[in-house]
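Under my numbering, think of the first position of the sequence shown as -5, with each following residue one higher. Positions of the beta carbon are idealized from the N, C-alpha and C atoms, including for glycine. All figures in this text were calculated on a predicted structure; none of them were measured in a lab. Each remark here refers to the structure printed beneath this line.
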Amino acid sequence: MKPLKERIVNLENSDYHMHTSSFSDGIPTINELVQFAWQIWMKEIAITDHSQVSIDKFRKKNNISAGSTARYSLRNRKNVYNDVNIIFWIEWDLLNDAWDVCFDIQWRESDFVILSAHSWIYEWKPETVTEGTINAIKKYHDKIKFIWHPCSFADFWEYYDIEKLVSVANEYDIWLEFNAKVFERDKSNLEKLDYLLKNTNKIYINSDAHTLYDFKNVRKKAIQFLYDNNYLK
Ligand SMILES: [Zn+2]
Ligand SMILES: [Zn+2]
-5 MKPLKERIVN LENSDYHMHT SSFSDGIPTI NELVQFAWQI WMKEIAITDH SQVSIDKFRK
55 KNNISAGSTA RYSLRNRKNV YNDVNIIFWI EWDLLNDAWD VCFDIQWRES DFVILSAHSW
115 IYEWKPETVT EGTINAIKKY HDKIKFIWHP CSFADFWEYY DIEKLVSVAN EYDIWLEFNA
175 KVFERDKSNL EKLDYLLKNT NKIYINSDAH TLYDFKNVRK KAIQFLYDNN YLK
């Protein structure tokens, strides 16, 4: 196993998981994120709004009327503010333990995706979430960039079998995420995180920002934790 420093893709100046009010449940708009990214020295970011099933359920649950259809205007999108490279991916939702996922936002798909499973969308037994995720990896590994916070206490993630997940991720050459927002909120299972950090071939450290505060701060705290605990030297 290579040293952790070489297995983490984005120790510096890039962040591949964040949400906007333009398409899902973040506070900043896409334009605000893009402008702020420059101020905090980012070189590349991926904006990864939640898939349509999650947006629809969120709106229904909170009685929010349907919002913008601005995605159509993103066809010829260009960053006119600065030199940060902007990528658009979608945070897919696992729907069940077969291999079904929600692909789109407003019927549009992205080249690459994050695979997530929210407890209020995944309506099957929580014990089946590892199997469901592994089935989805087997079917869609060409499109999946990484699996979101597998070490979180949030939702039903106590059911995640981290050893199985690491082994399948390594086999299919996809990344696992050290989710800095979950860590900053003290919602990481540190034992699972330790296993992930020591055994996973490819790792992202992302903010999963829903606010500019998250975007600016949480990755720094997660990286500091790695130095303080001798994961990084
Ligand atoms: Zn969200
Ligand atoms: Zn997310």
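Spanning the alpha carbons of ASP202 and LEU170 requires a straight line of approximately 13 Å. DSSP places THR124 inside the alpha helix (DSSP H), whose first and last residues are 123 to 134. Shown here for ASN90: same chain residues with a beta carbon closer than 6 Å to its own, the five before and five after excluded, namely TRP118 in chain order.
Collapsing the DSSP output to three states places LEU159 in a helix. The shortest C-alpha to C-alpha distance from GLU125 to any of TRP101, ILE99 and VAL162 is the one to VAL162. Annotation: the continuous alpha helix (DSSP H) that includes ILE217 extends over 206 to 222. Every alpha helix (DSSP H) of 4 residues or more that sits fully in the stretch 32 to 93 is shown, in chain order, as 46 to 55.
Around the CB of ILE138, 16 or more other CB atoms lie within 10 Å, so the residue is classed as buried. For LEU190, the enclosing alpha helix (DSSP H) stretches over residues 184 to 193.
With a contact defined as Cβ atoms closer than 8 Å, HIS44 and ASP9 miss out at about 17 Å.
Annotated three-state conformation of LEU109 is strand, per DSSP.
Close CB contacts of ASN57 within its chain, under the 8 Å cut and outside five residues either way in sequence, are absent. LYS215 and ARG179 have their C-alpha atoms spaced approximately 11 Å apart. In the DSSP secondary-structure assignment, ASP9 is bridged to ILE39. By the Cβ neighbour-count rule, TYR198 is buried, with 16 or more other Cβ atoms within 10 Å of its own. Burial state of SER113 is exposed, judged by a 10 Å Cβ sphere holding fewer than 16 other Cβ atoms.
Between the C-alpha atoms of TRP93 and ASN129 there is a straight-line separation of about 5 Å.
Take GLU38, set aside five residues on each side of it, and the residues of its chain with a beta-carbon closer than 6 Å to its own are SER8 and ASN79, in chain order. A residue is called buried once 16 or more other Cβ atoms fall within 10 Å of its Cβ, and TRP83 is buried on that count. Residue pairing by DSSP places TYR198 opposite GLU171 in a beta bridge.
The alpha-carbon separation between LEU5 and PHE17 amounts to approximately 27 Å.
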